[in-house]
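What follows is a set of notes on a single structure, which appears directly below.
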Amino acid sequence: MKILAEYGRDDLAKVYIAKLREENHQRYLIEFVESIQPPLPREKKWVLIVSSMFGCPVQCKMCDAGGDFSGGLTVEELLAQIDYMVRRRFPDGKPSTKKFKIQFARMGEPSLNPAVLEALESLASRYDTSGLHISVSSIAPKTTAAESFFNELLRIKNRYYSQGKFQLQFSIHTTDEQKRNELIPVHKWSFDEIATYGKRFALPQQGDRKITLNFAPIVGYPIDVDTIYHYFDPKTFLIKLTPVNPTFRSKESSFVSAVDPNDATSSDDLIKSFRKKGYDVILSIGVLEENQIGSNCGQFIQRALGIYHRPEQSYELERYIIKSPDNEK
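In terms of my numbering, the sequence shown has 142 at position 142, counting the first letter as 1, and numbering is strictly consecutive.
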């Protein structure tokens, strides 16, 4: 792995761009991030956000990662991102932080790369698990490969990451099915399918964390609290609201965030409506300088490439599933 660039602040967030391969004159670039959450120092909480793919086949309408897609990373390439950031801060390879969180939430849809499962099993013995927490974010694609992934993910969670050490997140964004398909233009699980899996995955008797339903509310893309309540039990699911990131694609689509990052009260009504139904609600508004740093998904890689290219849209994600380490699709 060759680091091509890094940008940011040690006391907030840093983005790294790396080249993992170069085959047939094609550059295989990824980006990964480390961050802390002020006022907590790195010794209290340290978050690593890694990529699982070269680009992404999903092409969510607000995300810049869906361009120049070139397949999935191997397990060695997944772990290389983590090892680099760990040894940069802790040369002995042992992170001395109370909460060491690794998120598979950067470039790529994790459930479309089975190497992510291998990495999760490896991490359980690679680092001290007393402080290790894992997070996987997904749009819940509806493919046979993704179904197999989620079944195996459940086994891995139960074996290595019970007692609240695993955070599973599903991106929802809107309750309007047509508009949800506009934002996430692939076949994906219905609300009922997500809810059914969630009841299998998050087990209160094991101390599991509730599953997060992620919303980046956009003006004109409704969120009906009653619809969410109909499908998702507040005992199993929680709500997370974040502003729409100022990515190239969100600007191209003229999206207006319904959560004002400069005004934490802008979403008060929506938060109150969810809490009346019994949901835990997280309003996640990060430090605004992170937008300038470029730590939003896929944002910095586009600057490095100097292009804004995306493959054609497709609902047939099966052809993107990784068949071999050589990225045969």
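Beta carbons are placed, not taken as given, at the ideal position from N, Cα and C, and that holds for glycine.
- In the displayed model, Q169 falls within a strand according to three-state DSSP.
- Its Cα nearest to that of N214, the residue Q167 stands out among D208, F248, Q167.
- Pairing F248 with D83 gives a Cβ-Cβ distance that is not under 8 Å.
- For L283, DSSP records a beta bridge to L241.
- Pairwise C-beta distances place the stretch 271–281 in contact with the stretch 230–239, as three or more of them are shorter than 8 Å.
- According to the DSSP assignment, T227 belongs to the alpha helix (DSSP H) that extends over 225–231.
- Between W189 and K142, the beta carbon gap of about 6 Å places them in contact (Cβ cut-off 8 Å).
- For S266 and R89, the gap between their C-alpha atoms comes out near 37 Å.
- Contact between the stretch 4–22 and the stretch 144–157 is not established, with fewer than three Cβ pairs separated by less than 8 Å.
- Selection P217, E252, V225 evaluated against I285 yields P217 as nearest (Cα-Cα).
- A straight line joining the alpha-carbon of F32 with that of R106 spans about 7 Å.
- Taking S257 as the centre and dropping the five residues before and after it, the same chain places the C-beta of P243, V244 closer than 6 Å to its C-beta, in chain order.
- In terms of Cα proximity to S137, the closest of P110, D92, E76 is P110.
- In this chain, the alpha helix (DSSP H) harbouring E252 covers 248–252.
- Around the beta carbon of K251, fewer than 16 other beta carbons sit within 10 angstroms, so the residue counts as exposed.
- Rounded to the nearest whole angstrom, the C-alpha separation of I194 and D263 is 31 Å.
- Rounded to whole angstroms, the separation of the alpha carbons of A140 and E76 is 24 Å.
- G198: member of the alpha helix (DSSP H) spanning 191–201, first to last residue.
- If you draw a straight line from the Cα of V281 to the Cα of K98, it is about 24 Å long.
- Proximity to S254 across F150, G220, K235 peaks at G220, based on C-alpha coordinates.
- Counting only runs that start and end inside the stretch 53–125, the alpha helix (DSSP H) elements of at least 4 residues fall at 75–89.
- Rounded to the nearest angstrom, the Cβ distance from W46 to F100 is 6 Å, consistent with a contact under 8 Å.
- Y127 and I102 have their C-alpha atoms spaced approximately 11 Å apart.
- Apart from sequence neighbours up to five positions away, the residues of its chain that approach G278 with a beta-carbon distance below 6 Å are P234, ordered along the chain.
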